[in-house]
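Sequence lines, in order, name chains G and D. Residues 1 to 583 in this note's numbering are what the first sequence lists, from first letter to last. Residues 584 to 666 in this note's numbering are what the second sequence lists, from first letter to last. Even for Gly, the Cβ is constructed at its ideal location relative to N, Cα and C. Note that the coordinates shown come from a computational prediction; the quantities given were computed from them, not determined experimentally. Input: a single structure, listed below in structure tokens.
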Amino acid sequence: MSTQLLTYLFVGGTFLLYIGIAIWSKASSTNDFYVAGKGVHPVANGMATAADWMSAASFLSMAGLIAFMGRDGSVYLMGWTGGYVLLALLLAPYLRKFGQYTVPDFIGARYYSNLARLVAVICLIVISFTYIAGQMRGVGIVFSRFLEVEINTGVIIGMGIVFFYAVLGGMKGITYTQVAQYCVLIFAYLVPAIFISILMTNNPNPIFGFGDTLVGSSEYLLDKLDRVSTDLGFGAYTEFQRSKIDIFCITAALMAGTAGLPHVIVRFFTVPKISDARKSAGYALLFIAILYLTAPAVASFARLNLIDSIQDKTYQETPDWFKNWESIGLIAWQDKNLDGKITYASGDAFIPQKPQYVSREEANEPRPLTNKPNSNSSNEVYIDRDIVVLANPEIAGLPGWVIALIAAGGLAAALSTAAGLLLVISAAISHDLMKKILRPKITEKEELFFARLAAAVAIVIAGLFGIYPPAFVAQVVALAFGLAAATIFPVLVLGIFTKSVSKEGAIAGMLSGLIFTLGYILWFKFISPELNSASFWLMGISPEGIGILGAGINFLIAILISNISKKPPTEITQLVESLREPL
Amino acid sequence: MKKNKSYWGINVTVISVLLVIWFLISLGFGIIFSDAMDSYRLGGFKLGFWFAQQGSIIGFVIIIFLYAGIMNRVDKKFSKKDK
């Protein structure tokens, strides 16, 4: 069977599975819709959380980023997992004990203020839509490369599927589809990694193969990678390229941001008991760790394979995957030194960085570009980082069904995260905005209707993001984590671990964290991007890492203002006491 | 009231100790002390590099399960006193 047919089969099969699960687990009450009736087993919840968390970015982009960043890529590995420790120790058990439906619920109640709730709702919606835009790009890439349908058609199909099980099933439907999606995506990630690990190091476990010697040589894989990348003018793969303070801040910001992401926190509202919330965070991280321990291995295999298969080759000698990805615009080559061979080296090949093709290429000739050659670098190729995981099985010459599997896995990762985010948005609108602020008198049935309506509207907006992708998706991802770290995370921690922080303190804290972080990122990413380099940054901290400073400011302002404002009422002290009581 | 304070006190102590370990294995070994750590090797890995890309993650999983285990015991102890 052809790879094309297999891909249709795998993707179609998994889609049918998700729809079947959705019909089986339809939500009938708001309790079902928001928190799956609080009846999800901790292991199932752990899997669902893992699928919810591992987005198109984790599945498709992360290994690619690490392959190109080397040791600097550790910020994602540590940042996106370390946050779970903060979540499990500082937040999850107490928020579960609080027993309401949403994150703004807790902030509104603990800080006895609808204004605080509203600020939390706004932060939550900005963070969630930023994220969804990224998922839609992932869906688009997979559809256009593997199913050869228009990106728009792909996005519409994906949206239709999510619409069906998110609107119908709510949290209950989403949770059980996510369990299935986790199984699909982890299988799809591990199979090619195992094959490639055997090919390169003879070790069937990629997690260890990564630290092994290469087949037919006594040289360690990582040592060869260091040697080859240094030869080509990149820094050594296993050395930091950025300053340590920046690496430190980015990692810390991603950790605090992860712990403050509403769609992750809300998962811990769905388990039956408080002790389950603690255990469930452990299972979630265990399931996530399987992919995150494999990703750096995939990254190093891919980097080495990539260099070996294109360096000093003529265009005709390049493997098929090079031409396939070139034809959809994610690879480009400009023969700057006119020697007819590909030179891969450090730096941008041409200006602007992204390829601009003249017209459809002639068969077996490279696609001509209008970009100006960049004379500061001998590099001649542009390779989009998002293709590494997708192209990896092709680069290693694996059979067609493995490639089909990756397509299904990538879609599972993107759809599961999109669904989780849509639910958070819909709950924030129907529950926090409508029920708690605007129209407190609506019945449960009406609230459920608003929840479904909000989910439907959010899906349409997310679909539009996919069809007309904003040019700033990559830039705003830093924003999502920075904002979660600087706004939501500190007030949640303070709300549980102090009794004295007042509504004035919390609102001032959230707003100052928000304004500082948003201002810094907007300044360097949008207003004066030409100044976006280490010498202009505050203490050498890049916009990606500034959220941790924003979090510090939030903590400080919240405590200071609380000291000079009126103390919280006694009900609030009692609420905090009750959160801290043993089971 | 007194009983709850000591329960909360134990909880905060456990959290503090685990967070110190959390900090050490990730931001500590992986970033701050990475140069010193890199002079040791673990097979094909430089030790600091390994902590930054794999070791810290394994540590995180252990920390969370440790916390869940310890707190379950503490919970049990305090609920017995109730009866």
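In terms of residue numbering, what span does the beta strand (DSSP E) encompassing residue 53/G cover? Premise fails: residue 53/G lies in the alpha helix (DSSP H), 42-53, not in any beta strand (DSSP E).
With a threshold of 8 Å on Cβ separation, who are the neighbours of residue 647/D within its own chain once the five nearest residues in sequence on each side are excluded? Once the five neighbours on either side are set aside, residue 647/D has no close Cβ partner at all.
9 Å Cβ cutoff met for residue 59/G and residue 389/G: Yes, the Cβ-Cβ distance between residue 59/G and residue 389/G is below 9 Å.
Assuming residue 564/G and residue 512/G are in contact, meaning their beta carbons sit under 8 Å apart, how far apart are those beta carbons, in whole angstroms? Going by Cβ atoms, the distance from residue 564/G to residue 512/G rounds to 15 Å, so no, they are not a contact pair.
Counting pairs of beta carbons, one from the segment 278-293 of chain G and one from the segment 637-645 of chain D, are three or more of them closer than 8 Å? Touching, yes, given that three or more Cβ pairs across the two stretches are closer than 8 Å.
Can you tell me whether residue 665/D is buried or exposed? The criterion is at least 16 other CB atoms within 10 Å of its CB, across all chains shown. With a pLDDT of 48 at residue 665/D, under the threshold of 50, the predicted position of this residue should be treated as unreliable, though the coordinate-derived value follows. Exposure of residue 665/D is indicated by the presence of fewer than 16 other C-beta atoms within 10 angstroms of its C-beta.
Is it the case that the Cβ atoms of residue 396/G and residue 301/G are separated by a distance below 9 Å? Cβ atoms of residue 396/G and residue 301/G: closer than 9 Å.
Decide yes or no for the touch test of the segment 44-59 of chain G against the segment 263-274 of chain G: beta carbon pairs closer than 8 Å, at least 3 of them. Contact between the segment 44-59 of chain G and the segment 263-274 of chain G is present, because at least three Cβ pairs lie under 8 Å.
Minimum C-alpha distance to residue 261/G - residue among 150/G, 485/G and 216/G: Cα-wise, what sits closest to residue 261/G is 485/G.
Spell out whether any CB of chain D is found under 9 Å from the CB atom of residue 71/G. It does; some Cβ of chain D falls within 9 Å.
Check the Cβ-Cβ distances between residue 619/D and every residue of chain G, and say whether any is below 9 Å. Answer no: the Cβ-Cβ gap between residue 619/D and chain G never drops below 9 Å.
Could you give the first and the last residue of the continuous beta strand (DSSP E) run that contains residue 333/G? Note, residue 333/G: beta strand (DSSP E), 331-333.
Just curious, the alpha helix (DSSP H) that residue 553/G is in, first and last residue? Where residue 553/G is concerned, the enclosing alpha helix (DSSP H) stretches over 547-564.
Could you check what DSSP says for residue 350/G in three-state terms: helix, strand or coil? Residue 350/G: strand per DSSP, three-state reduction.
Quick check: is the beta carbon of residue 639/D nearer than 9 Å to any beta carbon in chain G? Closer than 9 Å to some Cβ of chain G, the Cβ of residue 639/D qualifies, so yes.
So which of 609/D, 623/D, 643/D and 662/D has the shortest CA-CA distance to residue 89/G? The shortest C-alpha separation from residue 89/G is found at 643/D.
Can you list, in chain order, the residues of its chain whose CB lies under 7 Å from that of residue 3/G, leaving out five sequence neighbours each side? Contacts found: 400, 403 and 404.
I want to know whether the segment 83-98 of chain G touches the segment 227-246 of chain G - three or more CB-CB distances under 8 Å. No: fewer than three Cβ pairs fall under 8 Å.
Against residue 650/D, what residues of chain G qualify as contacts under a CB-to-CB distance less than 7 Å, listed in chain order? Within 7 Å Cβ-Cβ: 88, 89 and 278.
The beta strand (DSSP E) with residue 382/G in it runs from where to where? Taken as a continuous stretch (DSSP letters only), the beta strand (DSSP E) holding residue 382/G covers 381-383.
Tell me which residue opens and which closes the alpha helix (DSSP H) that residue 584/G is part of. Residue 584/G lies beyond the stretch modelled for chain G, which goes from 1 to 583, so this question has no answer here.
Return the first residue and the last residue of the alpha helix (DSSP H) that residue 574/G is part of. For residue 574/G, the enclosing alpha helix (DSSP H) starts and ends at 570-580.
Leaving aside the five residues before and after residue 204/G along the sequence, list all residues of the same chain whose C-beta is less than 7 Å from its C-beta, in chain order. Within the same chain, residue 204/G has close Cβ partners 194, 197 and 198.
Minimum C-alpha distance to residue 75/G - residue among 180/G, 184/G and 253/G: Residue nearest to residue 75/G within the set 180/G, 184/G and 253/G is 253/G (criterion: CA-CA distance).
Sequence ranges, alpha helix (DSSP H) only - wholly within the segment 458-530 of chain G, length at least 4: Whole alpha helix (DSSP H) segments, 4+ residues: 473-483, 489-497 and 503-522.
Would you identify the three-state DSSP class for residue 206/G, choosing helix, strand or coil? It is helical.
Can you check whether the C-beta of residue 217/G is within less than 9 Å of a C-beta belonging to chain D? For residue 217/G, not one C-beta of chain D is nearer than 9 Å to its own C-beta.
Nearest CA to the CA of residue 338/G: which residue from 54/G, 521/G, 113/G and 380/G? That would be 380/G, whose Cα lies nearest to the Cα of residue 338/G.
Contact residues within the segment 607-618 of chain D, judged by C-beta distance below 8 Å to chain G: Result list: 609, 610, 613, 614, 615 and 617.
Cutoff 6 Å; reference residue 493/G; Cβ partners in own chain excluding five residues on either side: 90.
Quick one: is residue 590/D near chain G, going by C-beta distance under 9 Å? With 9 Å as the cut-off, residue 590/D counts as an interface residue toward chain G.
For residue 353/G, count the other beta carbons within 10 Å of its own beta carbon; 16 or more makes it buried, fewer makes it exposed. Which is it? That one is exposed.
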